[in-house]
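J.:
Residue numbers (the UniProt record's numbering): 1 to 376.
1) Below 8 Å on the Cβ atoms is my contact criterion, and I expect residue 84 with residue 166 to pass it. Report the Cβ-Cβ distance as a whole number of Å.
2) Where does residue 55 fall in DSSP's three states?
3) Whose C-alpha, out of 90, 351, 354 and 80, is nearest the C-alpha of residue 185?
4) For the candidate residues 106, 130, 149 and 23, whose alpha-carbon lies nearest to that of residue 136?
5) Check whether the Cβ atoms of residue 99 and residue 214 lie closer than 9 Å to each other.
6) In whole angstroms, give me the CA-to-CA distance for residue 123 and residue 18.
7) Bridge partners for residue 68 per DSSP, in chain order?
8) For residue 32, tell me which candidate among 81, 163, 80 and 211 has the shortest Cα-Cα distance.
9) Determine the extent of the alpha helix (DSSP H) in which residue 43 is found, giving its start and end residues.
10) Three-state secondary structure (DSSP) at residue 227?
11) Hey, is the stretch 113-130 in contact with the stretch 68-86, meaning 3+ C-beta pairs nearer than 8 Å?
12) Just tell me which of 162, 356, 24 and 54 has its CA closest to the CA of residue 97.
13) Taking its Cβ as the centre, do 16 or more other Cβ atoms sit within 10 Å of residue 46, making it buried, or is it exposed?
14) With a 10 Å radius around its C-beta and 16 neighbouring C-beta atoms as the bar for buried, classify residue 183 as buried or exposed.
15) Am I right that residue 70 and residue 178 are in contact with their C-beta atoms under 8 Å? What's the rounded C-beta distance?
16) Going straight from the alpha carbon of residue 34 to that of residue 40, what length do you get?
17) Are residue 112 and residue 86 closer than 9 Å when you measure CB to CB?
18) Comparing C-alpha positions only, which one of 189, 54 and 72 sits nearest to residue 93?
19) Tell me the DSSP bridge mates of residue 94?
20) Per DSSP, what kind of secondary structure is residue 120 in: helix, strand or coil?
21) Since residue 114 and residue 95 should fall inside the 8 Å C-beta cutoff, what is the C-beta to C-beta distance between them, to a whole number of angstroms?
22) Give me the Cα-Cα distance between residue 66 and residue 48, rounded to the nearest whole angstrom.
23) Could you check how far apart the C-beta atoms of residue 58 and residue 207 are, in whole angstroms? I think they sit under 8 Å.
24) Beta carbon of residue 104, beta carbon of residue 152: below 9 Å?
25) With which residues is residue 125 paired in a DSSP beta bridge?
26) Within the continuous alpha helix (DSSP H) that includes residue 104, where are the two ends?
27) Would you tell me roughly how many angstroms separate the C-alpha atoms of residue 144 and residue 150, rounded to the nearest one?
28) Using DSSP with H/G/I as helix, E/B as strand and the rest coil, what is residue 164?
29) For residue 154, which residues of its own chain have a beta-carbon under 6 Å away from its beta-carbon, when the five flanking residues on both sides are left out?
30) Is DSSP giving residue 192 helix, strand or coil here?
31) What whole-angstrom Cβ distance do residue 101 and residue 176 have, given they're in contact under 8 Å?
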């Protein structure tokens with residue numbers, strides 16, 4: 001019976017969600033969900049009820065001023081195309097609108113009071129302020145009329161009211177382009193600037209994107225982020241061990257996974273033990289080889305104290321073939337002991353007895369040879 005089967009047969013204990021899961025699913029997920037809904041709602045409102053208007057019209061009243069001057073960049077506040085309208089209370093008054101540079105306009109209105117248009121106070125009202133006369137007016141008789149001056153790039157005049165459309169005021173010299181309105185007297189009425197926006201700002205799309213991201217975070221907080229770390233790493237395997245319902249294919253896959261893990265662990269343990277044995281074997285082999293090499297070195301022996309019987313035994317042993325390296329390594333200790341005996345010094349009595357035996361053998365050999373010669 002495998003470990004996986006034992007885990008399956010154990011009685012399953014039903015455990016409730018962890019504290020981490022309760023926080024993620026009970027607090028974090030609702031917060032992300034509410035924020036996502038709020039972003040979607042505001043996005044819908046910005047694309048319907050709060051959708052910016054295509055047409056922006058801003059006006060300002062004019063009282064006690066003959067001239068009205070716009071500041072640089074006011075004409076292109078909303079769009080590059082603007083429609084300027086001026087209306088006087090005196091229907092017979094000649095009203096003119098001229099477009100020129102700020103320097104030329106300042107030279108024309110020198111010494112006269114005028115009204116300055118500085119921008120928008122809101123989407124329907126122009127912000128204005130009255131400015132006192134600056135410089136000295138030119139009261140010469142040779143002064144040309146307003147509509148006949150060559151200081152203006154564009155000019156348009158009419159009785160009572162006049163309209164002019166200015167295009168392309170967002171060019172490179174847009175900051176130097178201003179509008180000058182001459183009411184002919186100090187009975188001015190209103191000045192109106194009208195823009196027709198071709199590109200509306202899309203405030204709904206960022207809100208939709210934010211709502212989508214918050215919805216994804218809410219789903220992840222309720223599912224992946226609420227899981228314990230071990231389930232997040234291998235959900236199927238731990239679901240099988242804990243008894244969570246899985247299909248047959250998943251069971252086979254988990255069993256194979258456990259078997260492969262056990263096999264890999266045993267292989268690693270076997271490789272480590274084999275590596276350790278190889279290291280110790282190499283160490284022992286190195287020691288034996290070193291001792292074997294030491295025994296093969298020449299030994300200086302005194303010829304007088306030489307044991308010839310031991311030398312003959314060593315010669316016979318060396319003439320026999322070696323069986324294997326293991327036999328050589330195992331017999332190293334024995335050979336070293338034999339060498340010790342061969343090189344040991346014999347006593348004088350043993351040496352005398354040896355020579356006596358040798359002389360007796362030589363005498364017997366000569367006697368036998370003489371007897372054989374006499375018989376012949």
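We put the beta carbon where it would ideally sit given N, CA and C, even for glycine.
T.: In terms of the structure at hand:
1) Taking the chain shown and counting its residues from 1, one reaches residue 84 at position 84. Taking the chain shown and counting its residues from 1, one reaches residue 166 at position 166. The Cβ separation is near 7 Å, so the contact holds.
2) Translated into positions along the chain shown, residue 55 becomes position 55. The answer is strand: DSSP assigns residue 55 an E or B state.
3) By one-based count along the chain shown, residue 185 stands at place 185. Ranking 90, 351, 354 and 80 by Cα distance to residue 185 puts 90 first.
4) Along the chain shown, read from residue 1 onward, the residue named residue 136 stands at position 136. With distances taken between Cα atoms, residue 136 lies closest to 106.
5) Here the question's residue 99 lines up with position 99 in the chain shown. Here the question's residue 214 lines up with position 214 in the chain shown. Not closer than 9 Å, so no.
6) Locating residue 123 in the chain shown gives position 123, counting from the first residue. Locating residue 18 in the chain shown gives position 18, counting from the first residue. Cα to Cα, residue 123 sits roughly 55 Å from residue 18.
7) To locate residue 68, count along the chain shown from 1; it is residue 68. Answer by DSSP bridge pairing, in chain order: 115 and 181.
8) The residue given as residue 32 occupies position 32 in the chain shown. Closest option to residue 32, Cα to Cα, is 211.
9) Taking the chain shown and counting its residues from 1, the one referred to as residue 43 is at position 43. In the DSSP assignment, residue 43 falls within the unbroken alpha helix (DSSP H) covering 29-47.
10) Taking the chain shown and counting its residues from 1, one reaches residue 227 at position 227. In the structure shown, residue 227 sits in coil (DSSP, three-state: anything other than H, G, I, E or B).
11) Counting C-beta pairs with one atom in each stretch, the stretch 113-130 and the stretch 68-86 have three or more that are closer than 8 Å, which means they touch.
12) Residue 97 sits at position 97 when you count from the first residue of the chain shown. Of the candidates 162, 356, 24 and 54, the one whose C-alpha sits nearest the C-alpha of residue 97 is 162.
13) To locate residue 46, count along the chain shown from 1; it is residue 46. With 16 or more Cβ atoms within 10 Å of its Cβ, residue 46 is classed as buried.
14) Position 183 of the chain shown, counted from the start, is the residue given in the question as residue 183. It counts as buried.
15) Taking the first residue of the chain shown as 1, we reach residue 70 at position 70. Taking the first residue of the chain shown as 1, we reach residue 178 at position 178. Sure, about 5 Å apart at Cβ, within 8 Å.
16) Walking along the chain shown from the start, residue 34 turns up at place 34. Walking along the chain shown from the start, residue 40 turns up at place 40. So the two alpha carbons sit approximately 10 Å from each other.
17) Locating residue 112 in the chain shown gives position 112, counting from the first residue. Locating residue 86 in the chain shown gives position 86, counting from the first residue. No, the Cβ-Cβ distance between residue 112 and residue 86 is not below 9 Å.
18) Looking up residue 93 in the chain shown gives position 93. Minimum Cα distance to residue 93 is reached at 189.
19) On the chain shown, residue 94 is found 94 positions in, with the first residue counted as 1. The partner list for residue 94 (beta bridge, DSSP) reads 159.
20) Here residue 120 is taken as the residue at index 120 of the chain shown, counted from 1. Strand, per DSSP.
21) Numbered from its first residue, the chain shown carries residue 114 at position 114. Numbered from its first residue, the chain shown carries residue 95 at position 95. The Cβ separation is near 15 Å, so there is no contact.
22) Here residue 66 refers to the residue found at position 66 of the chain shown. Here residue 48 refers to the residue found at position 48 of the chain shown. If you take the alpha carbons of residue 66 and residue 48, they lie about 43 Å apart.
23) Within the chain shown, numbered from 1, the residue matching residue 58 stands at position 58. Within the chain shown, numbered from 1, the residue matching residue 207 stands at position 207. In fact, because the Cβ distance is near 27 Å, the residues do not count as touching under 8 Å.
24) In the chain shown, the residue the question calls residue 104 occupies position 104. In the chain shown, the residue the question calls residue 152 occupies position 152. Yes, Cβ-Cβ distance for residue 104 and residue 152 is below 9 Å.
25) Along the chain shown, read from residue 1 onward, the residue named residue 125 stands at position 125. Bridge partners of residue 125: 59 and 122.
26) If you number the chain shown from 1, residue 104 lands on position 104. Its alpha helix (DSSP H) spans residues 102-108.
27) By 1-based counting over the chain shown, the position of residue 144 is 144. By 1-based counting over the chain shown, the position of residue 150 is 150. Approximately 9 Å, taken between the alpha carbons.
28) The sequence position of residue 164 within the chain shown is 164, counting from 1. Three-state result, residue 164: strand.
29) Position 154 of the chain shown holds residue 154. Same-chain partners within the cutoff: 99.
30) In the chain shown, counting from the first residue as 1, residue 192 sits at position 192. Residue 192 falls in the strand class under three-state DSSP.
31) Taking the first residue of the chain shown as position 1, residue 101 is located at position 101. Taking the first residue of the chain shown as position 1, residue 176 is located at position 176. Confirmed, Cβ separation roughly 5 Å.
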